[in-house]
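> In this note's numbering, the protein residues as written are 222 to 475.
Every residue gets a Cβ at the ideal spot worked out from N, C-alpha and C, and that includes glycine.
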Amino acid sequence: MLCAAREGRLGARRRIRMGPPDMSARRTIEITTRSEEQTIEVARLLAHHLRAGDAVALSGELGAGKTTFVRGLAEGLGLDPRQVSSPTFVLLHEYRKAAAGTDASPLPLVHVDAYRVSPDDDPTLLGLDAAGTSQGILAIEWPERFGDESTPAGLRWTVLLEHEGLNVRRLLISAAPSVEQRVLEQLSREVAAAADDAQSRTLRCRTCGNTLAPDVKTAPFCSAHCRMADLGRWFSESYRISRDIRPTDSEQDA
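1) For Tyr316, list the residues DSSP reports as bridge partners.
2) With DSSP run on the structure shown, which of helix, strand or coil describes Ala268?
3) Looking at the secondary structure, which residues open and close the alpha helix (DSSP H) in which Glu296 lies?
4) Which class does Val277 belong to by DSSP, given the choice of helix, strand or coil?
5) Which residues does DSSP pair with Leu382 in a beta bridge?
6) Do you know how far the Cα of Leu376 is from the Cα of Leu279?
7) Would you mind reading off the limits of the alpha helix (DSSP H) that contains Arg248?
8) What are the start and end residues of the beta strand (DSSP E) that includes Ala360?
9) Can you tell me whether Val404 is buried or exposed? The criterion is at least 16 other CB atoms within 10 Å of its CB, across all chains shown.
10) Closer than 8 Å by C-beta to Asp474: which residues in its own chain qualify, once you throw out the five before and the five after it? Chain order, please.
11) Let me know the secondary structure DSSP gives Thr260 once reduced to three states.
12) Exposed or buried, which one is Glu258 when buried takes at least 16 other CB atoms within 10 Å?
13) Quick one: grab the DSSP three-state call for Arg425.
14) Look at the alpha carbon of Lys287 and the alpha carbon of Pro441, and state the distance between them as a whole number of angstroms.
15) Helix, strand or coil for Leu452? Go by DSSP, reduced to three states.
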């Protein structure tokens, strides 16, 4: 049976009607992330543009990273991301605990996972009439499970996550007409700047300079070929050490 895990009350309640995200009249930006950390960073940036009462619909296949994205939203709101887990048999969670070092009181986050919901289920009976709040943020995984009747009140953002590889995700972030164009443009610029910063910090092969894959076994080289080429430079005396080896060097390695 589905149930709701709640920690207190989220201010004024409002009835919400659930349904799949309506993508009509929405503007969309497309983002490709290549690690879980990058997906979380995009969510953090989006969280900075959310306001009290906003709802975010998250769609995608199993394993696409929806719960990971919610974790990023929580972090961006100033909440402790360690609270976040897939509700699974618990239909919704409320997250209120602030992250360590956060002075201000962050907006609470309501996390709904509708994977096990039937289109015939009444949101009121499931407790979702109390999930919406004008004083917090609502994040809904699998919103399409609620059928075609309507969408959540306050739905201003929809996120579609597509699994394109082991760590690669394609994100389509759409904003409702009520979101100002400048906000979407600013989010796009922030994501681009974060990608540039990540690229500047990317590890590169010491031999050829190519970017290293996150899980490459030959690091700090991109391949066994480059590793052997580097070894060859030592044998050919292309490399020099700055001083003679001392007896204490071997003692330090012990």
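Inspection of the coordinates gives the following:
1) Paired residue(s): Leu330.
2) It is helical.
3) It spans 287-298 - the alpha helix (DSSP H) in which Glu296 sits, taken as one unbroken run.
4) Reduced to three states, the DSSP call for Val277 is strand.
5) Per DSSP, Leu392.
6) If I take the Cα positions, the gap works out to 11 Å.
7) Unbroken run through Arg248 is the beta strand (DSSP E), 248-254; no alpha helix (DSSP H).
8) 358-362 is the span of the beta strand (DSSP E), which, as asked, contains Ala360.
9) Classification for Val404: exposed.
10) At Asp474 the pLDDT is 43, less than 50, meaning the model places this residue with poor confidence and gives no usable figure here.
11) When secondary structure is reduced to three states using DSSP, Thr260 falls in the helix class.
12) Glu258 comes out exposed.
13) Three-state DSSP puts Arg425 in a strand.
14) Answer to the nearest angstrom: the Cα atoms are 32 Å apart.
15) Of the three classes helix, strand and coil, the one that applies to Leu452 here is helix, per DSSP.
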